[in-house]
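In this note's numbering, the protein residues as written are 6 to 120. For glycine and all other residues, C-beta sits at the position ideal for the given N, C-alpha and C. Below is one structure, written out as structure tokens; the observations come after it.
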């Protein structure tokens, strides 16, 4: 897939929200623009956009939760956002052509082959 450079993948500074942001263009290009091979004929990248919108909805409410925040999620709200994350990941798997796990000993070996 080659979405990230190896030094970015192994960096402690990598942030999903930063690399998925359609307005963030890093030195070597935007990951958003590369998801699933980039844009379709209409110029849209529906997979990248769905991943970005899902991340924006859940990032500060579920994944960056602090108990002193005045805006707390109910269990049902948190579950809805987590379900949306899972659905977006399933959507990406269905829409993107990903290399097979065949011949890989484990998931880590597969992930390293993608970098």
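Contacting residues, own chain, Cβ-Cβ under 7 Å from residue i (five flanking each side not counted)
i: residue 84; result: none
Straight-line Cα distance separating residue j from residue i
i: residue 79; j: residue 39; result: 35 Å
i: residue 81; j: residue 52; result: 25 Å
i: residue 11; j: residue 64; result: 25 Å
Nearest residue (CA-CA) to residue i, options the options
i: residue 28; options: 102, 101, 58, 99; result: 58
i: residue 62; options: 12, 86, 17; result: 86
i: residue 25; options: 14, 47, 60, 95; result: 60
Sub-9 Å separation of residue i and residue j beta-carbons
i: residue 142; j: residue 97; result: This structure does not reach residue 142, given that the chain is present from 6 up to 120, and the question cannot be answered.
i: residue 56; j: residue 102; result: no
Spatial neighbours of residue i in its chain, beta-carbon cut-off 8 Å, leaving aside the 5 residues before and after
i: residue 17; result: none
i: residue 23; result: 29
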